[in-house]
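Protein chains in written order, with UniProt numbering: chain D, 1 to 396; chain L, 1 to 551. Virtual Cβ for every residue (Gly too), placed ideally from N, Cα, C. What you are looking at is a predicted structure, and each value in this text was computed from that prediction instead of being measured.
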């Protein structure tokens, strides 16, 4: 015991006592995950407003800047490049479809190339395959795709910047079980992959068939049995560690919670129907939606009250959180306000074909969102020295 | 602290109750060792302490279990979480979160401990178990011993009065096991925690126990001091067997006590030559497998570095070394199914004058040269009954009607396994025998076993020794990777020790094992400098000399 403390202290200064984030906002700490989500969703909302490729590229640049400044070394924080690949795929698919399912060409369009026309049967008459493709069609498809891609990247940025497991902890108490289910499945997935690899490797030892249904069975059965046994042991472990301890809920309050939630859901459904269907009576729209939301909220609060649980090192909500969430929301508000710029500049026309202009106020609004890159406190530096020598992976 | 009052546990699918009329009291601050063969109800007894039996497992519990004054009939496991902490065999199975610190806090969050107290307790527990420099690390990248310490810490933060540990070291190498057991004894001595511990490898823990609960089978339970119980119990560590053979009273339980008691015995044995543990090697054992310069790397990290190894027919080789020292990688590379970056393997076959490399053959061909039983033998089992598995093995190996069928092999290895049993319902030892039979159907002359002793009790280990003895007698070369030094002392002709991918020692068992203070079996430690390795040797010498051991 004395040996271990001595080595621990030698490795790095003791960090016991208050959390390292009390001194000021520049001390390294992780930002509240909800702040990142508000920021990213607000930016996505702002993006939905514009079609201007210059603004969209500016958004991508801002996302890139903030992520490089404020991401951690955790596994989930290395995923942004996959969102970029996904974005690229979205744009490509969009453009390809537009070219293949051609919509024809008008005399005003610039002819680009022509694909062989494939005649479609009569009953399929609405859709045309192949034919001439214009520059305008491709450009509008590309900017549309780019907008969607930008929104995807905003979500990706939120996932990269905020620890998904910590974000789940923000869920109201009544939804705690849902959060645990997600957390557990997140940690079981890699084990399942490992299990598949192990069994696959072991199959060769028996020289069983390596193709076909029987071979699949040879992998699936051991893996599933393994997973099932593992989850039973996990359930037992969680039970012995106090998961699901009943609080002070009475039968009456449990019933009340159930009734409130059910009514609230009904209200939400009716409200959504009323809002979406123009022929529905006006009364069904917003009021039903509002009532449903209130009932659901009350149900969640009541349900949350019976759960007695505390949270270890909860994320604080301080100035930095206000600042980051605020700058995101402000940029969305600016883009929707239509003040100081011509709304047409947000969605430049491709007729006549011209280079889009960069409207000043929207550009400034998007740059404002980029200030999150230095408004947020720096993330805690990974303690490289404490990292172990890499374990060699042995086949297991 | 814990009281069992006329407890009987009956599961629906068995005719006989697992536990029958158990009366048991465990006092506060005791380290209580639960011993018994596999399947006699150790886990049931431990599970009953925090109510997992019968609340979680099903079955019926008659009688009364009182834990710190609470009846488990009225309190499900979650309501007992603040009194009883449970740690299982494989720590990874019980982890809910993904970093050390959050895992330590999890139980407290469930118990609604105030955040300030939580913070303090996490820091204390980190220090208590020596985990402070691992606090932010992900759980899956820790070593086995560290993971098990985190698992213990994660239940300790709830400040339980009782700690239940079900074979906490069976998945660990000796160093990691020492690490965990040291932590446990510290908890008993410094904090007065009551510990209930089940363990197969008694030699590791017997000296720490205050009380032993022995389950002889038949559902009864005998409890008493270690010296009382081990005088007659059917399972005992080598130190106790030696004590019984030499007639020592009271029975010594630690190496130190035994060495002091053994002084007269050592004088008496001084001029004797111990009988060999295994028949002396006949000269001219054929070289069956020759490996040169085997190198295995994973993502550029070398796991095995230029290892040369020659295996002879009729020889049993034990492969030892820490977890992660490259044992498994070497075995897989020798078999040809695992990766091999460089080097060559040549296996001599009776049909072919030229030695063959299993890597260059098909899976079926490689299997006829070298058989490998992996660490998790159940990975190879996927059918519904033992018979289906065996028939499948016959087809896969192309056994003709007049050849030796897998059923015959299995009956020789482990007689009496019914055809209709589901492979998952077999005991660990039987599963091992089944997979071994499947691999032997292809009649390989070289057989590699990757950690077969994991989870086996003393009886199953003796069975395994008999099996590998027979295989060697048939002229096969057998390699067993294991951490179990007592097993090696009884079973192996030759020991190869690996560290960081290199072979650091290779020689006859007597020389390699006795030379190392860590690796030496208990008998060797007690009788050093005499070259005795096993209790059987000492006992045989004593009878040969006709001296009354008790005198």
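Chain-order list of residues whose beta-carbon lies under 7 Å from that of residue 84(L) (same chain, five-residue window excluded): Beyond the five residues adjoining it in sequence on each side, residue 84(L) comes within less than 7 Å, by CB distance, of 49, 50, 67, 160, 162, 164 in the same chain, given in chain order.
Beta-carbon neighbours of residue 398(D), restricted to chain L and to distances below 8 Å: Since the first residue of chain D shown is 1 and the last is 396, residue 398(D) is not available in this structure.
The region 459–473 of chain L in contact with the region 289–305 of chain L per 3-pair CB rule at 8 Å: Per the Cβ contact rule, the region 459–473 of chain L is not in contact with the region 289–305 of chain L (fewer than 3 Cβ pairs under 8 Å).
Residue from 325(D), 339(D), 132(D), 46(D) with nearest C-alpha to residue 152(D): 46(D) is the residue among 325(D), 339(D), 132(D), 46(D) whose C-alpha sits nearest the C-alpha of residue 152(D).
Test: residue 234(D) CB closer than 8 Å to a CB of chain L: Yes - at least one Cβ of chain L is within 8 Å of the one on residue 234(D).
Rounded C-alpha distance that separates residue 491(L) from residue 279(L): Answer to the nearest angstrom: the Cα atoms are 11 Å apart.
Which of helix, strand or coil DSSP assigns to residue 232(L): Three-state result, residue 232(L): helix.
C-beta contact flag for residue 162(D) and residue 192(D) at 8 Å: Not in contact: residue 162(D) and residue 192(D) (Cβ atoms no closer than 8 Å).
Residue 305(L) versus 343(L), 276(L), 321(L), residue with shortest Cα-Cα distance: Residue 343(L) is the option with its Cα nearest to residue 305(L).
Residues, ordered as in the chain, of the region 213–244 of chain D that lie near chain L by beta-carbon distance below 7 Å: So the close ones are 217, 218, 221, 222, 225, 230, 233, 234, 236, 237, 238, 239, 240, 241, 242, 243, 244.
Collapsed DSSP secondary structure at residue 1(L) in the structure displayed: Reduced to three states, the DSSP call for residue 1(L) is coil.
Three-state class that DSSP yields for residue 294(L) in the structure shown: If DSSP states are grouped into helix, strand and coil, residue 294(L) belongs with the strands.
9 Å Cβ cut-off: residues of chain D touching residue 179(L): Residues of chain D with a Cβ closer than 9 Å to the Cβ of residue 179(L) do not exist, since the nearest Cβ in that chain sits about 10 Å away.
Spatial neighbours of residue 294(L) in its chain, beta-carbon cut-off 6 Å, leaving aside the 5 residues before and after: In its chain, beyond the 5 residues on either side, 304, 307, 333, 343 have a beta carbon closer than 6 Å to the beta carbon of residue 294(L).
Short CB-CB distance (under 8 Å) between residue 295(D) and chain L: Not an interface residue.
Cα-Cα separation, residue 242(D) to residue 86(L): Going by the C-alpha atoms only, they are around 11 Å apart.
Outcome for residue 351(D) when other beta-carbon atoms lying within 10 angstroms are tallied against a minimum of 16: A residue is called buried once 16 or more other Cβ atoms fall within 10 Å of its Cβ, and residue 351(D), having fewer, is exposed.
Inter-residue CB distance, residue 195(L) and residue 187(L) (contact presumed, cutoff 8 Å): Between residue 195(L) and residue 187(L) a beta carbon distance of about 7 Å is seen, short of the 8 Å cut, so the two are scored as contacting.
Classification of residue 424(L) by the beta-carbon crowding that lies within 10 angstroms, buried from 16 upward: Burial call: exposed.
Contacts that residue 199(D) makes with chain L (C-beta to C-beta distance below 8 Å): Close partners of residue 199(D) in chain L (Cβ separation under 8 Å): 379.
Buried or exposed (CB count within 10 angstroms, at least 16 for buried), residue 85(D): With fewer than 16 Cβ atoms within 10 Å of its Cβ, residue 85(D) is classed as exposed.
Residues of its chain near residue 287(L), where Cβ-Cβ distance is below 7 Å and the 5 sequence neighbours each way are ignored: So the qualifying residues of the chain are 310, 312, 348.
Strand pairing of residue 65(L), partner residues [DSSP]: Looking at the DSSP assignment, residue 65(L) forms a beta bridge with 4(L).
Same chain only: Cβ atoms within 6 Å of residue 197(L), ignoring 5 sequence neighbours per side: Cβ-Cβ distances below 6 Å link residue 197(L) to 33, 165 in the same chain, with the five nearest sequence neighbours on each side left out; the list follows chain order.
Distance, residue 154(L) Cα to residue 60(L) Cα: Each residue's alpha carbon lies about 30 Å from the other.
Within 9 Å of chain L by C-beta, residues of the region 161–189 of chain D in sequence order: Identification of residues in the region 161–189 of chain D having a C-beta nearer than 9 Å to some C-beta of chain L yields 165, 180, 183, 184, 186, 187, given in sequence order.
Ranges of the beta strand (DSSP E) found wholly within the region 264–322 of chain L, counting only runs of at least 3: Taking only runs of at least 3 residues, the beta strand (DSSP E) segments lying wholly in the region 264–322 of chain L are 287–298, 301–312, 316–320.
Closest by C-alpha distance to residue 358(L), when choosing among 337(L), 373(L), 267(L): Among 337(L), 373(L), 267(L), the Cα nearest to that of residue 358(L) belongs to 337(L).
Residue 93(L) beta carbon less than 8 Å from that of residue 234(D): Contact flag set, yes.
Contact list for residue 79(L) against chain D, beta-carbon separation under 7 Å: Identification of chain D residues near residue 79(L) by a Cβ-Cβ cut-off of 7 Å yields 245, ordered along the chain.
Reduced DSSP category for residue 105(D) - H, G, I as helix; E, B as strand; rest coil: Judged by DSSP in its simplified three-state form, residue 105(D) adopts coil rather than helix or strand.
Cβ pair residue 519(L), residue 496(L) closer than 8 Å: The answer is no: Cβ separation not under 8 Å.
Residue 99(L) (DSSP reduced to helix, strand or coil): DSSP, reduced to helix, strand and coil, places residue 99(L) within a strand of the structure shown.
N- and C-terminal bounds of the beta strand (DSSP E) containing residue 134(D): Annotation: the continuous beta strand (DSSP E) that includes residue 134(D) extends over 129–134.
N-terminal and C-terminal residue of the alpha helix (DSSP H) that residue 338(L) is part of: Secondary structure note for residue 338(L): it is in no alpha helix (DSSP H), with a DSSP letter that is neither H nor E.
Three-state class that DSSP yields for residue 534(L) in the structure shown: DSSP, read as helix, strand or coil, puts residue 534(L) in coil.
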